[in-house]
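Novice: Take a look at the following structure, please.
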Amino acid sequence: GAVVSQHPSWVICKSGTSVKIECRSLDFQATTMFWYRQFPKQSLMLMATSNEGSKATYEQGVEKDKFLINHASLTLSTLTVTSAHPEDSSFYICSARPSGRFSRNEQYFGPGTRLTVT
Amino acid sequence: AQSVTQLDSQVPVFEEAPVELRCNYSSSVSVYLFWYVQYPNQGLQLLLKYLSGSTLVKGINGFEAEFNKSQTSFHLRKPSVHISDTAEYFCAVSDIQGAQKLVFGQGTRLTINP
């Protein structure tokens with residue numbers, strides 16, 4: 055149980071285009087999902103907290119208009135990288151926290167999406 | 404705010420030898436503590452977590468960690484490693500209240516040599 059999927063697993067796009075990444079909790083509901091970015095050989099940096107039915111909360115330094123997050127249902131959050139540039143190339147990982155007060159300390163991670171902008 | 408320091412960026416170990424990966428944290432409030440493992444081009448898998456209670460926590464794959472509040476440490480140990488343990492290991496903390504966002508350490512690359 056507690057499986058999180060991401061789609062696509064990897065994507066190559068041209069500079070200036072937009073890319074959408076999906077994060078799904080397959081066997082549980084998640085009121086809160088998180089989006090992370092990981093550069094090669096580095097740690098995960100939290101980009102934003104996605105809350106179902108409300109606006110995402112972005113970390114300091116993350117451009118809201120560039121990284122659009124939508125959490126339209128209890129099992130799906132999407133991250134859209136708008137007008138992508140080569141510096142946006144990275145490994146994007148999402149995690150999902152199961153709904154319910156006894157699950158507050160758990161986050162289950164997706165397998166990640168490798169984005170390469172040419 | 405919390406911060407996490409993993410003292411070793413790389414740890415090479417021979418197969419069947421014991422290993423300890425060190426983690427220290429800083430926080431002005433009580434925290435939960437976690438260890439995650441990441442295999443190449445994959446997401447993170449939870450190894451173990453400390454929420455409360457016994458300071459010695461046992462996780463999957465034979466790993467364990469000990470919470471030491473006075474030293475603000477949460478070191479990860481395994482008595483005998485296998486080739487398959489080769490991976491990146493991340494220590495993380497979250498506050499108990501509020502959003503419980505995870506703050507990760509820099510990671511430790513564990514390499515098991517035959």
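So the protein lines, in turn, are chains A and R. The first sequence begins at 55 in this note's numbering and counts up one residue at a time. The second sequence begins at 404 in this note's numbering and counts up one residue at a time. Ideal Cβ positions, reconstructed from N, Cα and C, are used throughout, including at glycine. Everything numeric in this text was worked out from a predicted model, so none of it was measured.
(1) Do E418 (chain R) and N516 (chain R) count as a contact pair if the criterion is CB distance below 8 angstroms?
(2) Closer than 8 angstroms, CB to CB, is N471 (chain R) near chain A or not?
(3) DSSP puts Q441 (chain R) in a beta bridge; with which residues?
(4) Please report whether the beta-carbon of G510 (chain R) lies at a distance below 8 angstroms from any beta-carbon of chain A.
(5) For the 8 angstroms Cβ check, are there 3 or more pairs between the stretch 86-106 of chain A and the stretch 123-143 of chain A?
(6) Roughly how many whole angstroms lie between the Cα atoms of H125 (chain A) and L80 (chain A)?
(7) Our contact map puts L169 (chain A) next to S144 (chain A) with C-beta atoms below 8 angstroms; I'd like the distance itself, whole angstroms only.
(8) Buried or exposed: where does F93 (chain A) fall if 16 or more other Cβ atoms within 10 Å of its Cβ makes it buried?
(9) For Q445 (chain R), which option in A:E113, A:S59 and A:M87 has the closest C-alpha, if you only look at C-alpha atoms?
(10) According to the neighbour-count rule (16 or more other Cβ atoms, all chains shown, within 10 Å of its Cβ), is H485 (chain R) buried or exposed?
(11) Consult DSSP for D411 (chain R) and reduce its assignment to one of helix, strand or coil.
(12) Check whether the stretch 486-504 of chain R and the stretch 424-442 of chain R are in contact - that is, three or more C-beta pairs closer than 8 angstroms.
(13) Using the C-alpha atoms, what's the distance from T172 (chain A) back to M99 (chain A)?
(14) Taking the straight line between their C-alpha atoms, what separation do you get for D142 (chain A) and G164 (chain A)?
(15) Could you check which residue in R:Q509, R:I463, R:I499 and R:T511 has the C-alpha nearest to that of A404 (chain R)?
(16) On the criterion of 16 or more Cβ atoms from any shown chain inside 10 Å, does K118 (chain A) qualify as buried, or is it exposed?
(17) Could you tell me the distance, in whole angstroms, from the CA atom of R91 (chain A) to the CA atom of E160 (chain A)?
(18) Please report the straight-line C-alpha distance between C148 (chain A) and A84 (chain A), rounded to a whole angstrom.
(19) What did DSSP end up calling D119 (chain A) once you bin it into helix, strand or coil?
(20) Just by C-beta distance, which residues in the stretch 438-469 of chain R are closer than 9 angstroms to chain A?
(21) Do Y428 (chain R) and Y453 (chain R) count as a contact pair if the criterion is CB distance below 8 angstroms?
Specialist: Here's the rundown:
(1) On the second sequence, residue 516 (chain R) is found 113 positions in, with the first residue counted as 1. On the second sequence, residue 418 (chain R) is found 15 positions in, with the first residue counted as 1. Yes, Cβ-Cβ distance for N516 (chain R) and E418 (chain R) is below 8 angstroms.
(2) Numbered from its first residue, the second sequence carries residue 471 (chain R) at position 68. For N471 (chain R), the closest Cβ of chain A is not nearer than 8 angstroms.
(3) Numbered from its first residue, the second sequence carries residue 441 (chain R) at position 38. According to DSSP, residue pairing for Q441 (chain R) in a beta bridge involves R:L447 and R:E491.
(4) The residue you call residue 510 (chain R) lines up with position 107 of the second sequence. True, the Cβ-Cβ gap to chain A drops below 8 angstroms.
(5) yes
(6) Counting from 1 along the first sequence, the entry for residue 125 (chain A) is found at position 71. Counting from 1 along the first sequence, the entry for residue 80 (chain A) is found at position 26. H125 (chain A) and L80 (chain A): Cα-Cα distance of roughly 15 angstroms.
(7) The residue labelled residue 169 (chain A) in the question sits at position 115 within the first sequence. The residue labelled residue 144 (chain A) in the question sits at position 90 within the first sequence. That pair is a contact at about 6 angstroms.
(8) To locate residue 93 (chain A), count along the first sequence from 1; it is residue 39. It is exposed - the Cβ of F93 (chain A) has fewer than 16 other Cβ atoms within 10 Å.
(9) Here residue 445 (chain R) refers to the residue found at position 42 of the second sequence. Here the closest residue by C-alpha is A:S59.
(10) Along the second sequence, read from residue 1 onward, the residue named residue 485 (chain R) stands at position 82. So H485 (chain R) ends up on the exposed side.
(11) Here the question's residue 411 (chain R) lines up with position 8 in the second sequence. Coil.
(12) They touch, by the three-pair rule.
(13) For this step, residue 99 (chain A) is matched to residue 45 along the first sequence. For this step, residue 172 (chain A) is matched to residue 118 along the first sequence. Spanning the two alpha carbons is a distance of roughly 23 angstroms.
(14) Counting from one through the first sequence, the residue named residue 142 (chain A) turns up at place 88. Counting from one through the first sequence, the residue named residue 164 (chain A) turns up at place 110. Cα-Cα distance, rounded: 19 angstroms.
(15) On the second sequence, residue 404 (chain R) is found 1 positions in, with the first residue counted as 1. Taking only the C-alpha atoms, the option nearest A404 (chain R) is R:I499.
(16) As a first step, residue 118 (chain A) is located in the first sequence; it is residue number 64 there, counting from the start. Classification of K118 (chain A): exposed, given that the 10 Å Cβ count is below 16.
(17) For this step, residue 91 (chain A) is matched to residue 37 along the first sequence. For this step, residue 160 (chain A) is matched to residue 106 along the first sequence. Cα to Cα, the separation comes out at about 19 angstroms.
(18) Numbered from 1 along the first sequence, position 94 holds the residue referred to as residue 148 (chain A). Numbered from 1 along the first sequence, position 30 holds the residue referred to as residue 84 (chain A). About 12 angstroms.
(19) Counted from its first residue, the first sequence places residue 119 (chain A) at position 65. D119 (chain A): coil per DSSP, three-state reduction.
(20) Cβ contacts with chain A: Y439, Q441, N444, Q445, G446, L447, Q448, L449, K452 and L454.
(21) The count along the second sequence starts at 1 and reaches residue 453 (chain R) at position 50. The count along the second sequence starts at 1 and reaches residue 428 (chain R) at position 25. Cβ distance not < 8 angstroms, so Y453 (chain R) and Y428 (chain R) don't count as in contact.
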